[in-house]
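Engineer:
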Amino acid sequence: MKRLSLIFTALMLICGSVFTTGTKAEGEFPVGTTVENFKLPDTSGSVKSFNDLKGEKGAVVVFLSVQCPVVKNYDERIVQLAADYGKKGINFIGINSNSTETTEKVKSHAEEKYAFPVLIDKGNVLADQFAANATPEVLYFDASGKLLYRGAIDNSRKGDSITETYLKDALDAGIANKEIKKSSTNAVGCSIKRLEKK
Amino acid sequence: MNVFIFKAKGISLLPFLILITFCLFLFTTEVSAQSRKTKTVVSKKKKVVVKKAVFKDLKNLPKINQIDIDALKNLIKPSGKPILLNFWATWCEPCVKEFPDLIKIDEMYRGQIDFYTISMDELSEIDQDVPRFLGKMNAKMPSFLLKTQDESSAVSMVSKNWRGSLPFTVLFDEKGVEYFSKNGLVKFNVLQNKIDNLLRK
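Line order of the protein sequences matches chains P and F.
Per our numbering, the very first residue in the first sequence carries number 6; after that it's consecutive.
Per our numbering, the very first residue in the second sequence carries number 439; after that it's consecutive.
Structure representation (structure tokens):
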């Protein structure tokens, strides 16, 4: 009887682990997860890796879009944060995962707007890996590649009624090695236009 | 003296008169085409129709009610019928694209399910682009605009499968349990099948 219950427990454990793996494979990337060094081409076709681009204190990956009005509203704030925190050792890395936006458009838009590199995520592989659905959504990694914050930049899409500066607060706490009070939020924005699965 | 061929400072005015007449003709044609287009809810040029809607008069447009998180919570309380919610915005291209299908869904299942659309537009649009668009679409379902300082919490409250991207469509069963949800554009047949399956349960 004891042996039977042992076998039963072992079976339950195996089933449990299979179920957990299955859930994770569907695309969850919670805070605390460590990123593997990914490589993607920039707008000139030159392949860049996360480790090459991150700063000495970490990096902010920001999912962007050329057409999304919410991104347009946030552009000025993104540029400002990238400039402010670039000086503090945190580099911004833009990602465009929209299958509907051509490399030419992404390139001219990036050259016009951003001083940081924008990588092309063809086939939305990175968006899938990071379970990113909206633009603009940000993921803040520390120098070791551990995800410390993901979600919205702040709580005002138009920028006229900001009362919570989620990303800035996370960056300041991360740099100071303090606890990040709000480590995950939802980013309301445009959906990433994924390639249709056949 | 013929008035159409008199010359001012040595320049003939006839070509200018022809040009002005031609421009007036073009303008009149465009205006009459516009009034025809605004009567067509679903046409091949949906985008054009939506943009032209801006010129439509503001009378008889649907009333959009502003809601906060608490009101949203009440809205999705089980009512004995399945509840279908669509979160959208006038600036969201796929939202606008899928809307004619949602109108069809509303017509097909009115009375069998509770269907609400919730706009995530800025509050300033509550009596502007939001009712204009819904009026243009001839939308009959109750429509709301969510205004909160904490959209993130509102998103979490609605569904564990939603992280804020628009459009988002979610179907709850009569007990309030999520039965189906879709991030991004929802296909008519998929939504129809899900509702049918739920109603057959």
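Just so it is clear, CB atoms sit at the ideal spot from N, CA and C, and this is done for glycine as well.
Does the ligand ATP have even one heavy atom less than 8 Å from the beta-carbon of valine 40 (chain P)?
Structural biologist: The ligand ATP is absent from the structure shown, which contains no ligand whatsoever.
Engineer: By Cβ distance, which residues of its chain are closer than 7 Å to methionine 652 (chain F), with the 5 residues on each side in sequence left out?
Structural biologist: With chain F running from 439 to 639 in the structure shown, residue 652 (chain F) is simply not present.
Engineer: Count the other C-beta atoms from every protein chain shown that fall within 10 angstroms of the C-beta of glycine 614 (chain F), then say buried if there are 16 or more, exposed otherwise.
Structural biologist: So glycine 614 (chain F) ends up on the exposed side.
Engineer: Closer than 7 Å by beta-carbon distance: list the chain P residues that pair up with tryptophan 529 (chain F), in chain order.
Structural biologist: By Cβ distance, chain P contributes Pro74.
Engineer: Quick check on this structure: which residue in F:Val628, F:Asp634, F:Leu636 and F:Pro500 has the alpha carbon closest to the alpha carbon of glutamate 563 (chain F)?
Structural biologist: Among F:Val628, F:Asp634, F:Leu636 and F:Pro500, the Cα nearest to that of glutamate 563 (chain F) belongs to F:Pro500.
Engineer: Between glutamate 169 (chain P) and chain F, is any beta-carbon pair separated by less than 9 Å?
Structural biologist: Answer yes: the Cβ-Cβ gap between glutamate 169 (chain P) and chain F drops below 9 Å somewhere.
Engineer: How many angstroms separate the CA atom of leucine 637 (chain F) from the CA atom of glycine 518 (chain F)?
Structural biologist: If you take the alpha carbons of leucine 637 (chain F) and glycine 518 (chain F), they lie about 12 Å apart.
Engineer: Considering valine 111 (chain P), what are the terminal residues of the alpha helix (DSSP H) in which it resides?
Structural biologist: Run containing valine 111 (chain P): 108-118, per the alpha helix (DSSP H) assignment.
Engineer: Along the chain, where does the alpha helix (DSSP H) containing serine 557 (chain F) start, and where does it finish?
Structural biologist: Careful: serine 557 (chain F) lies outside any alpha helix (DSSP H), inside the beta strand (DSSP E) at 552-557.
Engineer: Kindly list, in the order they appear in chain P, the residues whose Cβ is closer than 7 Å to that of glutamate 560 (chain F).
Structural biologist: Those are Lys163, listed as they occur along chain P.
Engineer: Could one say the Cβ of serine 641 (chain F) lies closer than 9 Å to chain P's Cβ atoms, at least one of them?
Structural biologist: The structure shown does not extend to residue 641 (chain F), since chain F is modelled only from 439 to 639, so the question has no answer here.
Engineer: Residues of the region 494-526 of chain F in Cβ contact with chain P at a cutoff of 8 Å, in chain order, please.
Structural biologist: Cβ contacts with chain P come from no residue of the region 494-526 of chain F.
Engineer: Evaluate lysine 625 (chain F) with the Cβ neighbour count: other Cβ atoms within 10 Å of its Cβ, from every protein chain shown; 16 or more gives buried, anything less gives exposed.
Structural biologist: Classification of lysine 625 (chain F): exposed, given that the 10 Å Cβ count is below 16.
Engineer: Between the C-alpha atoms of proline 538 (chain F) and lysine 187 (chain P), what's the straight-line distance to the nearest angstrom?
Structural biologist: Cα to Cα, the separation comes out at about 39 Å.
Engineer: Residues in its own chain within less than 6 Å of glutamate 106 (chain P) by CB, not counting five upstream and five downstream?
Structural biologist: Excluding sequence neighbours, glutamate 106 (chain P) sits near Val71.
Engineer: For lysine 198 (chain P), which of F:Trp600, F:Ile502 and F:Pro532 has the nearest alpha-carbon?
Structural biologist: With distances taken between Cα atoms, lysine 198 (chain P) lies closest to F:Pro532.
Engineer: Pairing CB atoms from the region 169-182 of chain P with CB atoms from the region 60-70 of chain P, are three or more of them under 8 Å?
Structural biologist: They touch, by the three-pair rule.
Engineer: Leaving out five residues before and five after asparagine 138 (chain P) in sequence, what residues of the same chain have Cβ atoms less than 8 Å from its Cβ?
Structural biologist: Only Ala132, Ser196 and Ile197 meet the Cβ criterion.
Engineer: So, at 6 Å on beta carbons, what are the nonlocal neighbours of glutamate 201 (chain P) in its own chain, with the 5 sequence-adjacent residues on each side left out?
Structural biologist: If we look at glutamate 201 (chain P) and ignore the five residues flanking it on each side, it has no Cβ neighbours.
Engineer: Could you say if the region 46-57 of chain P and the region 153-173 of chain P meet the contact criterion of at least three C-beta pairs nearer than 8 Å?
Structural biologist: Because the criterion of three Cβ pairs below 8 Å is not met, the region 46-57 of chain P and the region 153-173 of chain P do not touch.
Engineer: Given a cut-off of 9 Å, decide if serine 590 (chain F) and glycine 602 (chain F) are closer than it, judged by their beta-carbon atoms.
Structural biologist: Closer than 9 Å, so yes.
Engineer: Runs of 3 residues minimum, wholly inside the region 27-98 of chain P: which ones carry the beta strand (DSSP E) assignment?
Structural biologist: Counting whole runs of 3 or more residues, the region 27-98 of chain P contains the beta strand (DSSP E) stretches 44-46, 52-54 and 63-69.
Engineer: So with Cβ pairs under 9 Å, would you call arginine 601 (chain F) a contact of chain P?
Structural biologist: Yes, its Cβ sits closer than 9 Å to a Cβ of chain P.
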